[in-house]
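Asker: In our numbering, the protein residues as written are 11 to 296.
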Ligand SMILES: Cc1cc2nc3c(=O)[nH]c(=O)nc-3n(C[C@H](O)[C@H](O)[C@H](O)COP(=O)(O)OP(=O)(O)OC[C@H]3O[C@@H](n4cnc5c(N)ncnc54)[C@H](O)[C@@H]3O)c2cc1C
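Quick look at the structure:
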């Protein structure tokens with residue numbers, strides 16, 4: 011595999027929450043063939059392999075994770091072809107949105123303020139009330155669990171709310187089909203959407219975004235708020251006073267604090283409404 015292989019690397023600096031212990035191995039491949047080689051090597055050596063994107067939806071245990079974590083930040087090319095734009099898995103979502111705005115391709119501005127990488131946005135089918143990632147996808151280049159590289163159409167995945175249903179495939183590139191529009195109009199929609207987010211969500215603080223998935227027909231944030239959990243705290247982690255489905259790390263929080271708060275909030279919502287909230291955040295090493 012071309013790229014860096016490092017041992018015992020702290021994951022906290024790569025996580026949006028800035029929390030988490032080390033991975034036994036951190037793999038940083040250059041290109042899709044290197045991802046494929048790493049997948050095959052990990053299978054042969056029986057080493058568990060996880061893929062990390064922007065770290066904005068993962069809680070890593072304080073003790074870290076055993077096995078290998080792959081980070082695709084080097085795969086950060088954006089190529090435009092007419093109304094289509096192909097982005098490597100390591101392109102940050104905000105830079106993809108900037109690029110589409112600059113070339114006058116509309117659609118993704120509904121999805122502003124998501125601190126993902128392209129691979130993570132596809133894996134999670136990231137979205138807002140106004141739309142989701144899969145709506146704009148045409149095809150995805152993946153490395154399959156057996157190491158084969160394949161280009162798959164959007165319809166070959168059965169993506170649902172906050173889950174691209176990749177079945178273990180690793181996204182290395184995603185191609186979006188967008189609609190030509192005036193860059194100024196795109197910019198205005200983009201700014202309006204960002205302004206709305208900034209007013210209603212604690213986007214500048216350390217979090218994983220929404221901790222729980224919204225139950226059918228309701229909003230997890232509403233249930234948490236009515237259950238009286240706003241500003242509830244465990245150690246250095248607090249339920250946001252602005253949006254109750256966000257838990258904020260004040261800088262001193264640990265993964266254990268986060269998990270304890272999540273369990274307490276879950277219990278209070280269950281006791282009050284009889285609803286079992288389901289975490290959206292992924293747990294690594296628990
Ligand atoms: C301030 C804030 C606001 C947010 N707002 C939103 C929002 O509006 N809407 C929304 O949907 N989410 C939101 N989120 C949550 C998060 O940004 C999304 O879930 C996002 O899609 C995660 O992308 P990531 O690259 O950070 O992935 P990570 O958090 O690194 O990983 C998430 C999952 O995706 C998998 N994954 C990552 N990269 C790949 C890859 N290349 N191939 C296969 N699997 C991969 C990981 O293994 C993991 O299971 C927010 C988070 C924060 C912190």
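Where a beta carbon is used, it is the ideal one built from N, C-alpha and C, also for glycine.
#1: Using only CA atoms, which one of 13, 59, 267, 147 lies nearest to residue 166?
#2: What are the residues that DSSP puts in a beta bridge with residue 269?
#3: Please go through the same chain and pick out, in chain order, the residues whose beta-carbon is closer than 8 Å to the beta-carbon of residue 116, but skip the five residues on each side of it.
#4: According to DSSP, simplified to helix, strand and coil, what is residue 153?
#5: On a Cα-Cα basis, can you pick out the residue from 253, 46, 64 that is closest to residue 105?
#6: Would residue 174 and residue 226 qualify as a contact pair, given that the criterion is a beta-carbon distance under 9 Å?
#7: According to DSSP, simplified to helix, strand and coil, what is residue 161?
#8: Take residue 186 as the anchor and find which of 208, 245, 97, 157 has the nearest alpha-carbon.
#9: Where do the N-terminal and C-terminal ends of the beta strand (DSSP E) with residue 20 fall, by residue?
#10: Three or more beta-carbon pairs under 8 Å between the segment 71 to 80 and the segment 148 to 166, yes or no?
#11: Within this structure, are the beta carbons of residue 249 and residue 183 separated by less than 9 Å?
#12: Measuring straight from C-alpha to C-alpha, what distance separates residue 202 and residue 231?
#13: Excluding the 5 residues flanking residue 262 on each side, which residues of the same chain have their C-beta closer than 6 Å to its C-beta?
#14: Restricting to runs no shorter than 3 residues, where is the beta strand (DSSP E) found entirely within the segment 172 to 210?
#15: Inspect the beta-carbon positions of residue 100 and residue 121 and report whether they are closer than 9 Å.
Answerer: For this structure:
#1: The sequence position of residue 166 within the chain shown is 156, counting from 1. With distances taken between Cα atoms, residue 166 lies closest to 147.
#2: Counting from one through the chain shown, the residue named residue 269 turns up at place 259. None; residue 269 has no bridge partner.
#3: Here the question's residue 116 lines up with position 106 in the chain shown. Excluding residues within five positions, the ones whose Cβ falls inside 8 Å are 110, 188, 189, 190, 191, 195, 196, 199.
#4: Position 143 of the chain shown, counted from the first residue, corresponds to residue 153. For residue 153, the three-state secondary structure derived from DSSP is strand.
#5: Taking the chain shown and counting its residues from 1, the one referred to as residue 105 is at position 95. Looking at the Cα atoms, 64 is the closest of the given residues.
#6: The count along the chain shown starts at 1 and reaches residue 174 at position 164. The count along the chain shown starts at 1 and reaches residue 226 at position 216. Contact: no.
#7: Within the chain shown, residue 161 is the residue found at index 151, counting from 1. Residue 161: strand per DSSP, three-state reduction.
#8: Translated into the one-based positions of the chain shown, residue 186 becomes position 176. It is 97 whose Cα lies nearest to the Cα of residue 186.
#9: Mapped onto the chain shown, residue 20 falls at position 10. Counting along the chain, the beta strand (DSSP E) containing residue 20 begins and ends at 13 to 20.
#10: Cβ pair count under 8 Å is below three, so no.
#11: Here residue 249 corresponds to residue number 239 of the chain shown, with the count starting at 1. Here residue 183 corresponds to residue number 173 of the chain shown, with the count starting at 1. No, Cβ-Cβ distance for residue 249 and residue 183 is not below 9 Å.
#12: Translated into the one-based positions of the chain shown, residue 202 becomes position 192. Translated into the one-based positions of the chain shown, residue 231 becomes position 221. Distance from the CA of residue 202 to the CA of residue 231, rounded to the nearest whole angstrom, comes to 22 Å.
#13: Position 252 of the chain shown holds residue 262. If we look at residue 262 and ignore the five residues flanking it on each side, its Cβ neighbours are 246.
#14: Unbroken beta strand (DSSP E) runs of no fewer than 3 residues, entirely contained in the segment 172 to 210, are found at 180 to 187, following chain order.
#15: Position 90 of the chain shown, counted from the start, is the residue given in the question as residue 100. Position 111 of the chain shown, counted from the start, is the residue given in the question as residue 121. No; because the gap between Cβ atoms is not below 9 Å, this pair is not in contact.
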